[in-house]
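Using my numbering, you'd call the opening residue of the sequence shown number 331 and step up by one each time. This report concerns only the one structure given below.
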Amino acid sequence: MIGLDTNVVVRLLVQDDEAQVKRVEKAIAEKCSEESPATINAIVLVETVWVLGSAYRYENSEIVSAIEALLQVKVFEVQYHNEAWEALHLFEDGKGGFADLYLAAINRQLGCSVTLTFDKKAAKNSGFALI
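Written out as structure tokens, the structure is:
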């Protein structure tokens, strides 16, 4: 099993450097399969959403499309996969930032009844409470 860094995932999604994209695609083809998928951990997924929005100026709908595609690739294993889907749908509906929504979903999965925050916007979502 191998892990993927944010810059590799972004390169694959954005396709803005042909030489690097070819290297990524070759590495995935050679090293990854459904039986031995590449890991995309929670930090990488959050960073990817942030990079797409801030550096590449993707609209939320474009980010949602990119992450949906990523979540459906059989040779990738996204950490907290179901929670990523949950957060993505809430993000798509404008319920908050992806990182906060994913954090709350992961914490619920880990057994947390609530996530305490000072963030008033995040606190409007289920799973958060203002402290």
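Ideal Cβ placement from N, Cα and C applies to all residues, glycine included.
Within 10 Å of its beta-carbon, does Leu-460 have 16 or more other beta-carbons around it, so buried, or fewer, so exposed? exposed
Alpha carbon of Val-405 to alpha carbon of Ala-435, nearest angstrom: 23 Å
Closest to Val-376 by CA distance: which of Asp-449, Leu-440, Arg-341, Ala-429 is it? Comparing alpha-carbon positions, the option among Asp-449, Leu-440, Arg-341, Ala-429 lying closest to Val-376 turns out to be Ala-429.
So does the segment 410-426 actually touch the segment 392-400, counting three or more Cβ pairs closer than 8 Å? yes
Applying the criterion that 16 or more other CB atoms from any shown protein chain within 10 Å of the CB defines a buried residue, is Cys-362 buried or exposed? buried
Have a look at Arg-387, Val-374, Tyr-388, Ala-399 and flag the residue whose alpha-carbon is nearest the alpha-carbon of Tyr-410. Val-374
Grab me the residues of Val-354's own chain with a C-beta within less than 6 Å of its C-beta, minus the 5 sequence neighbours each way, in chain order. Val-338, Arg-341, Leu-342
Alpha carbon to alpha carbon, what distance is there between Lys-352 and Glu-416? Whole-angstrom Cα-Cα distance: 31 Å.
Member of Lys-454, Leu-446, Leu-401, Leu-334 whose CA lies at the smallest distance from the CA of Ile-358: Leu-334
Let me know if Ile-370 comes out buried or exposed under the rule of 16 or more other beta-carbons within 10 Å of its beta-carbon. buried
Coil, strand or helix - Ile-461 by DSSP: coil
Span separating the alpha-carbon of Ser-456 from that of Thr-447: 12 Å
If I measure Cβ to Cβ from Ala-372 and keep anything under 6 Å in the same chain, skipping five residues before and after, which residues do I get? Gln-409, Tyr-410
Best match in Thr-378, Gly-383, Tyr-388, Tyr-386 for proximity to Leu-401 [C-alpha to C-alpha]: Thr-378
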